[in-house]
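For the protein sequence lines, the chains are A and B, in the order given. The working numbering numbers the first residue of the first sequence as 41 and each following residue consecutively. The working numbering numbers the first residue of the second sequence as 1367 and each following residue consecutively. First up is the structure itself, then whatever we jot down about it.
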Amino acid sequence: MAVFNEQQKKEIAESLAVVKKTVKITCVTRGTDCRYCSLTKEMLSELAVLSPNVDINFYDLVEDQERIKDLKIDKVPAVILHRGNNSNIRFFGVPAGYEFQTLLEDIIILGNNNSPLSLETILEINKIRTPLHIEVIASPDCPYCPAVVGAVHKFAMANVNITSDMIEISEFPDVGKKYEVKGFPHTVINGNHSVTGMLPELELAKKINGFVL
Amino acid sequence: MDNRDNIFSFEIDAVQGFFVPDEAVLYDLVIAGWGPAAVSAAIYAARKGLNTAIVTKFKGGQINDTPVVENYPGFKSIGGKELTLEFNVHARQYGLPLLTGEAVTKIEKNNDIFYTSTENQRILKSRTVIYATGKRNRRLNVPGEEKFIGKGVVFCAICDAPLYKDKKVIIAGGNNSAFTVATDLVKIAKNIVIINIVRGWTADSYLQNSLKKYNNVEMLDYHRIESITGNNDFKGIKVRNLETSGLYDIDADGLFVEIGLIPNSDAVAGLVALNDNKEIITDRDCETSLPGLFAAGDVTDVTYKQVVIAAGEGAKAALSADNYLKFISNKGE
Ligand SMILES: Cc1cc2nc3c(=O)[nH]c(=O)nc-3n(C[C@H](O)[C@H](O)[C@H](O)COP(=O)(O)OP(=O)(O)OC[C@H]3O[C@@H](n4cnc5c(N)ncnc54)[C@H](O)[C@@H]3O)c2cc1C
């Protein structure tokens, strides 16, 4: 059964019509023990057909271990968007519900090389000179989560020191438990600082810098 | 992840954050907000050919958090999220530049030009503004509330309710919103306590009746929440029985606050006249006390607050802005 219906396909194709440059995406799944891996694969395969500029490679966490070792993937399904040689924009868990919108937007931004961040935010985010890991724990039904996932993905596009992950809570409940998540979106910085709720990008960037600089 | 319908839904919406407004352009119109009033204003403005940009905190209004809307013409019954998507998809065809995730913080007018500042420190320039920023949840304003927001104190029930499966929750409020949250939570939470500061309950009777069949609901009216308890972790509330003045603790896992709404008029306070409820005073053409600045929907003193009314007011504000622009350009010639 197809993931997208005809109307959805039309809307996705319309949205992606503005993608000018090839956007490379890696999808890592696992043959067994992964409830949403095949859905993620199917969804991305259908998506790739809807834009000539979306290039998706599929790998298996176990079989292709050697080829993807640089990506350091510890959870599947994983969807990684590349910017040049960088692979610091990631989704763990199927990017469904509201997060599907973030995936589309990421593709559009990467495919146009055009950062929608404000100048102030870019200046703030470029103060980070050492590796920084941002994890946003989200649920597909949370309308405010994409704003934060989108913002931290844009941070990662603006600064290669930053790796930004969306983690879908219901697929990775252990992550929720580890970070004692009590509300969405829940943003974790370098595994030990957290911010709950939706913040404007500049405030979020300043908060992150406040933790790590 | 048992709800396969949920996981199979893919929200395809207007392309947010791509067509970012240009800070160098002098727009005919800047619209603040993206609820029913703003969306409708944008559609009318685009069709009038106004060069329009939008700035909104979030792409959707209060209905986005509403389970169903059953009184908007053309839709017998539609989820709030779905109606928001219908609005977005409708407006998308006009390709208007839109900034989302950043609220307007200040508006100034100098030499007939409006300067709209945002949270991310952008400034947009325009000849007119439509202010349609709606309302937000009122806070309890009690000690501990701020500290535990997102850590036990919940303002977005639709976001966080699933985390309270088999837990004990308190709901503050006695109105339709509080009872709507209660009808959702009662099915998953272990038990719920609904607390209202005044005597009795103002929620529609069908909502009140829908709770009657459950035996895990406790209702306390004429009780005031005095503070949130807990040191590092949320523990519960201190509540006062206003009848007896007795103060006692209720321990719980979470507190959902649904005690009404306040207008998002802070960014224009001091610029335009507000009434005692901090709503923007408008005339029947959506004009405010400042020429060129129009307002529409729940942020204004319009008598009734409904989606269809907000949409109608938004349309009116756009037509008034168009008239105003014609008037000032005629004056200049
Ligand atoms: C629980 C609930 C159920 C409801 N059910 C119904 C119903 O069944 N039928 C019905 O007709 N009505 C219903 N209503 C009322 C209806 O939702 C409102 O009347 C309507 O949404 C008002 O539209 P609006 O565009 O004026 O404001 P809002 O819907 O509040 O939208 C305001 C917009 O402005 C944005 N914003 C806020 N502050 C700023 C800022 N500073 N800068 C920029 N943007 C900002 C917000 O993000 C949002 O996009 C319900 C309301 C609630 C709370």
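Quick reminder that beta carbons are idealized off the backbone N, C-alpha and C, glycines included. Only a predicted model underlies this, so the values are computations on that prediction, with no experimental measurement involved.
Leaving out five residues on either side along the sequence, give the residues of the same chain with a beta carbon under 7 Å from the beta carbon of Ile-1616/B. Ile-1536, Val-1559, Gly-1602, Ile-1603 and Val-1605
Proximal chain B residues relative to Pro-117/A, where beta-carbon distance stays under 8 Å: None at all; the shortest Cβ gap to chain B is about 12 Å.
Strictly below 9 Å CB to CB, what residues from chain B border Asp-240/A? Before going on, a small fix: residue 240/A reads as Pro here, not Asp. Those within 9 Å of Pro-240/A in chain B are Lys-1423, Gly-1467, Glu-1468, Ala-1469, Thr-1484, Glu-1485 and Asn-1486.
Going by C-alpha to C-alpha distance, which of Thr-203/A, Ala-198/A, Asn-152/A and Glu-82/A sits closest to Glu-175/A? Thr-203/A
Give a yes or no on whether the minimum CB-CB distance between Ala-42/A and chain B is below 8 Å. no
Is it right to say Leu-1659/B is buried, meaning 16 or more other beta carbons lie within 10 angstroms of its own, or is it exposed? buried
Coil, strand or helix - Ala-118/A by DSSP: strand
Quick check on Glu-241/A: does DSSP put it in helix, strand or coil? helix
Looking only at its own chain, which residues have a Cβ that is under 6 Å from the Cβ of Leu-1392/B, when we skip the five neighbours before and after it? Lys-1491
Evaluate contact between the segment 138-149 of chain A and the segment 184-201 of chain A, counting only Cβ atoms and requiring at least three cross-stretch pairs below 8 Å. yes
Please identify the residue among Lys-167/A, Ile-248/A, Lys-61/A and Val-221/A whose C-alpha is closest to the C-alpha of Ala-7/A. Here chain A has residues from 41 to 253 only, and residue 7/A is not among them.
For the segment 1427-1448 of chain B, which residues have a beta carbon sitting closer than 8 Å to at least one beta carbon of chain A? Asn-1430, Asp-1431 and Lys-1447
Where Val-252/A falls: helix, strand or coil (DSSP): helix
Rounded distance between the beta-carbons of Lys-1501/B and Asn-1598/B, thought under 8 Å: That pair is no contact at about 33 Å.
Note down the Cα distance separating Val-1623/B from Glu-1474/B, rounded to an integer number of angstroms. 34 Å
CB-CB length for Ala-1411/B against Ala-1498/B, believed under 8 Å: In fact, because the Cβ distance is near 11 Å, the residues do not count as touching under 8 Å.
Find the nearest neighbour of Glu-139/A within the set Ile-209/A, Ile-229/A, Ala-57/A and Ala-53/A, judged by alpha-carbon distance. Ile-209/A
Quick check on Tyr-1580/B: buried or exposed, where buried means 16 or more other Cβ atoms within 10 Å of its Cβ? exposed
Assigned exposure category for Asn-1430/B - 16 Cβ within 10 Å defines buried: buried
How many Å lie between Gly-1426/B and Pro-92/A at the Cα? 31 Å
Residue environment, Phe-251/A, which counts as buried when at least 16 other CB atoms sit within 10 Å: exposed
Under DSSP, the alpha helix (DSSP H) around Ala-53/A begins and ends at which residues? 46-56
Tell me whether Asp-1615/B sits in a helix, a strand or coil according to DSSP, three-state version. strand
Leaving aside the five residues before and after Leu-1685/B along the sequence, list all residues of the same chain whose C-beta is less than 8 Å from its C-beta, in chain order. Tyr-1410 and Lys-1414
Using 8 Å as the limit for Cβ to Cβ distance, is Leu-1529/B near chain A? yes
Is there contact here, the segment 63-83 of chain A with the segment 94-101 of chain A, by at least three beta-carbon pairs under 8 Å? yes
Per-residue contacts from Ile-1473/B into chain A (C-beta, under 9 Å): Result: empty, since nearest Cβ-Cβ is about 17 Å, beyond 9 Å.
Would you kindly check if the distance between the Cβ of Glu-1645/B and the Cβ of Asp-1667/B is under 8 Å? yes
Give a yes or no on whether 8 Å exceeds the smallest Cβ distance from Ile-1515/B to chain A. yes
Against chain B, does Phe-224/A count as a neighbour if the rule is that its beta carbon must be under 8 Å from one of theirs? yes
Could you pull out every residue in the same chain whose Cβ sits closer than 6 Å to the Cβ of Thr-1432/B, ignoring the five residues on either side in sequence? Gly-1446
For Asp-1617/B, would you say it is in contact with chain E, using Cβ-to-Cβ distances shorter than 8 Å as the test? Judged by its chain identifiers, the structure shown contains no chain E, and its protein chains are A and B.
Rounded straight-line distance, which links the Cα of Ala-178/A to that of Val-228/A: 11 Å
Are there any heavy atoms of ligand 1 lying less than 7 Å away from the beta-carbon of Pro-1387/B, as far as the coordinates show? no
Between Met-83/A and Val-116/A, what straight-line distance do the alpha-carbon atoms span, to the nearest angstrom? 15 Å
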